[in-house]
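Novice: Residue numbers (my numbering), protein chains in the order written: chain B, 32 to 465; chain Z, 32 to 465. All C-beta atoms in this analysis are idealised placements derived from N, C-alpha and C, irrespective of residue type, glycine included.
1) Less than 7 Å between the beta carbons of residue 424 of chain B and residue 424 of chain Z, yes or no?
2) Once the 5 residues before and after residue 441 of chain B are set aside, which same chain residues still bring their CB inside 6 Å of it?
3) Taking the CB atoms as reference points, tell me whether residue 200 of chain Z and residue 77 of chain Z lie closer together than 7 Å.
4) Of the choices B/410, B/422, B/434 and B/81, whose alpha-carbon is the least far from that of residue 14 of chain Z?
5) Give a yes or no on whether the C-beta atoms belonging to residue 371 of chain B and residue 420 of chain B are separated by under 7 Å.
6) Look up residue 171 of chain Z in the DSSP assignment and say whether it is helix, strand or coil.
7) Could you give the DSSP three-state label for residue 157 of chain B: helix, strand or coil?
8) 7 Å is my cut-off, CB to CB: does residue 277 of chain B come that close to chain Z?
9) Considering only C-alpha positions, which residue in the set Z/65, Z/360 and Z/157 is nearest to residue 240 of chain Z?
10) Can you give me the C-alpha to C-alpha distance between residue 84 of chain Z and residue 252 of chain B, rounded to a whole angstrom?
11) Within the same chain, show all residues whose beta-carbon is closer than 8 Å to that of residue 348 of chain B, passing over the 5 residues directly before and after it, in chain order.
12) So residue 346 of chain B contacts chain Z; which residues on that side make the cut at Cβ distance below 8 Å?
13) According to the neighbour-count rule (16 or more other Cβ atoms, all chains shown, within 10 Å of its Cβ), is residue 63 of chain B buried or exposed?
14) Residues of chain B with CB under 8 Å from residue 55 of chain Z, in chain order?
15) Which residues, in order along the region 138-150 of chain B, keep a beta-carbon less than 7 Å from a beta-carbon of chain Z?
16) I'd like the ranges of any beta strand (DSSP E) spanning at least 3 consecutive residues and lying wholly in the region 125-150 of chain B.
17) I need the boundaries of the alpha helix (DSSP H) containing residue 307 of chain B, first residue and last residue.
18) Determine which residues of the region 400-414 of chain B have a Cβ less than 8 Å from any Cβ of chain Z, and write them out in chain order.
19) Please list the terminal residues of the continuous alpha helix (DSSP H) segment that includes residue 204 of chain B.
20) Do the region 207-224 of chain B and the region 41-54 of chain B meet, that is, are 3 or more Cβ pairs less than 8 Å apart?
21) Do you know offhand how far residue 35 of chain B's Cα is from residue 51 of chain B's?
22) Just to make sure I have the definition right: I need the residues of chain Z whose C-beta is within less than 9 Å of the C-beta of residue 232 of chain B. Which are they?
23) Determine, using beta carbons only, whether residue 397 of chain B comes closer than 7 Å to chain Z.
24) So which residues of chain B does residue 449 of chain Z contact, with C-beta pairs closer than 7 Å?
25) Run through DSSP, which three-state label would residue 478 of chain B get?
26) Could you check where the alpha helix (DSSP H) with residue 368 of chain Z kicks off and where it finishes?
27) Quick check on the DSSP output: what are the complete alpha helix (DSSP H) runs of length 4 or more inside the region 367-421 of chain Z, in order along the chain?
28) In the DSSP assignment, the beta strand (DSSP E) including residue 428 of chain Z goes from what residue to what residue?
29) Could you check what DSSP says for residue 280 of chain Z in three-state terms: helix, strand or coil?
30) Cα-Cα, which of B/173, B/179, B/191 and B/205 is closest to residue 227 of chain B?
31) Apply the 10 Å Cβ neighbour rule to residue 379 of chain Z and answer buried if 16 or more other Cβ atoms are within range, or exposed otherwise.
32) So which residues on chain B does residue 253 of chain Z lean against when the C-beta distance must stay under 9 Å?
33) Let me see if you follow: with CB-CB separation under 7 Å, is residue 366 of chain B close to chain Z or not?
34) Can you have a look at residue 311 of chain Z and say buried or exposed, based on whether 16 or more other CB atoms are within 10 angstroms of its CB?
35) Exposed or buried, which one is residue 233 of chain B when buried takes at least 16 other CB atoms within 10 Å?
36) Three-state secondary structure (DSSP) at residue 179 of chain B?
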């Protein structure tokens, strides 16, 4: 029984692989047509999709799903319209595939090209939000990748009708899109999928830190994402205090539930007496719970921070505060306790800012601005695939380029390597052409 | 006892991590000075290094090490000079770090830069060849990465004196280089190192397919490399037969022991009668053992190929040959049995070549030239880190860029996200600057 199911998942992944080979041949125009067809069908099917979603909502409410999760699950006609607008914007984005990244003449008539290419088969595991299904499928189609999706069971009916709608749309444009978007339905299937590192090229988890972590621990396929967002702001001795107060308030309070919100505030000892009382006053007005180390407590009223606080992502109106002796100490603290996601320094000193931005080993390093800026939309990337704390392939807010790799294309006229070895060896010209 | 050793490996990796943070601050000039110091010390220590290597050779010969492995183990004064020349060439290469890859104004005074950065800690596991130790350490220093090395036990004395020489050289230039190059000595330590995915950012195996495969199966750290090189040449119906004979001869015979040599020849049925007898004659002169499918055997004398042949990397003067009905069949065969490394088509038809190069899912796809061209030196990449069949980060022959990632640097003047939301939201300009 179990092995039958295994075969089913493998067969699905094999069909995805086949589709991914066909997709490599589909031009930009056809891919954009497929996206337009999806937008068209979503418009036509709005009512059916919203109705399916209401069924999911009712069932999940009855089952006692927590209210923030219910909010995420909701996919009404307004949200469908948002998805349609995103698809239209995606159509307008430049084709990420086929671009010649580099062009070198190795010798007369022997031309090497480095060409942007789809990765192949992307597995996307997401929780709740059905809009993620539409977003990620369309990103994959834009970039010529096949995608295998698995959403949360609470969104089952919504996801099923969405996957069906998308499939009908793309296959109506070109039969080569068959199997380009597939939907798995059970958690057991995901486990099996994550074992297929010969067929799946990249996994993108979209959801809680726990989801990301469990996937990272469960697969040898590259995982694009981040398991935590423990972001810092360091207020240097040389900071503009007014600016520091405003920026630190924004970084914590503007939207505390997200990964790029600040969780720990580091303060240089020489500025603490001036800065901390004013900062604390502003935080108290915003109902932020403050947890400070011993030295912090000498300046402001706060709970005493425990060692655990330095590595906790609150995602809430809670902030840990620590006084440090130097820029170096701040950097050491961030590299040790942070999640290499986004960290900021507030200072007038260009030298300090430079050192901070070089030595802090994070995807985004910021100077005199709020950590909340670190996302794909604000960075101007267009569509956002996710935020990655990986050190290879794609780091930080990732746009379509995260779904793209390259291949080398070498065109000759009968060239053989033997001519370039031994006594009368021809020499390579290695002339950059672009 | 075991846990003590574990701690030792973890401590070494932690020291590497610390070093990697310091390295982010070391400028291009200092890194090149460190490389020059290594070259200098290798020159001075030539005799001692060669003597250590002779001891390794003698011990290994006595232990019955196979002769090709003994050849690889050999690191005499001539090979030391080769290493020194490579270091001098590396110094002349452009700095891969610090380059601004993209620069965007998000709004007035809020500037985003995407900056090429070192990856962090690279683990390199290699067999025999002590020159690999010098090559990969210097590549890591050039690109600002810390490296943890583990060589084969047969080269123990050579590796030890090389690591010591390199360390003395770099630390003499700048104390920040302390722990930037570390050497592990036992296989058990490697196993432990591969478990430290919180500290090691990338693993590069240099050696046999078995080594690469065992490492890929043993770690969740990204592995840069390829476990096999099953390369194909497809002779299309429209091929220039003279060209096909010459190119296929080169692809198999010019150096059969390497990963980019051809292992399987695919021939379109309509050209088989003309091409195969001439090709077979040329191969026989070069002592190539031919293994053909049933249809091939109707045209030439050869052993009968077994299904296993299609997925075998001979690395030897052996070739499997199969007749296919169409370009599509050739593509399906290559995507199914190949290793996504390097595959070539011989044809006069630009349309067929285009389809082949798009649909064959390999790191290098070639038209009318020998698979043997697929390597970093011939591609003009300068130093070669390895050849990768990965679909993320780096693919194909990989130069210094494989040791590089980027980070985002955002410089503001007190900018907060709250200003860009709500009713009177400011708008981002997203103006590309470069």
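Specialist: Let me lay it out:
1) yes
2) 143
3) With respect to the 7 Å criterion, residue 200 of chain Z and residue 77 of chain Z are not classified as neighbours on the basis of their beta carbons.
4) The structure shown does not extend to residue 14 of chain Z, since chain Z is modelled only from 32 to 465, so the question has no answer here.
5) Contact: yes.
6) For residue 171 of chain Z, the secondary structure class from DSSP, reduced to helix, strand or coil, is helix.
7) strand
8) Yes, contact with chain Z.
9) Z/157
10) 39 Å
11) 283, 284, 287, 317, 318, 319 and 320
12) Ordered by position in chain Z, no residue passes the 8 Å Cβ test against residue 346 of chain B, which lies about 16 Å from the chain.
13) buried
14) 389, 390 and 392
15) 141, 143 and 150
16) Entirely contained in the region 125-150 of chain B, the beta strand (DSSP E) runs reaching 3 residues are, in chain order, 131-138 and 141-149.
17) 300-316
18) 400, 401, 403, 404, 405, 409, 410 and 411
19) 187-204
20) Between the region 207-224 of chain B and the region 41-54 of chain B there are three or more inter-stretch CB-CB distances shorter than 8 Å, so the stretches are counted as touching.
21) For residue 35 of chain B, the predicted structure reports a pLDDT of 48, less than 50, and the residue's modelled location is therefore unreliable. A value from the coordinates is still provided. Their Cα atoms are separated by approximately 24 Å.
22) At a beta-carbon threshold of 9 Å, the residues of chain Z lying near residue 232 of chain B are 421, 422 and 423, ordered along the chain.
23) The beta carbon of residue 397 of chain B sits closer than 7 Å to some beta carbon of chain Z.
24) Taking a Cβ-Cβ cut-off of 7 Å, the neighbours of residue 449 of chain Z in chain B comprise 281 and 285, given in sequence order.
25) Past the boundaries of the shown model lies residue 478 of chain B; chain B is included only from 32 to 465, so the question cannot be answered.
26) 358-368
27) 381-390
28) 427-429
29) Correct three-state label for residue 280 of chain Z: helix.
30) Nearest C-alpha to residue 227 of chain B: B/179.
31) exposed
32) Identification of chain B residues near residue 253 of chain Z by a Cβ-Cβ cut-off of 9 Å yields 253, 421, 422, 423 and 424, ordered along the chain.
33) yes
34) buried
35) Buried, by the Cβ-count rule.
36) Three-state DSSP puts residue 179 of chain B in a strand.
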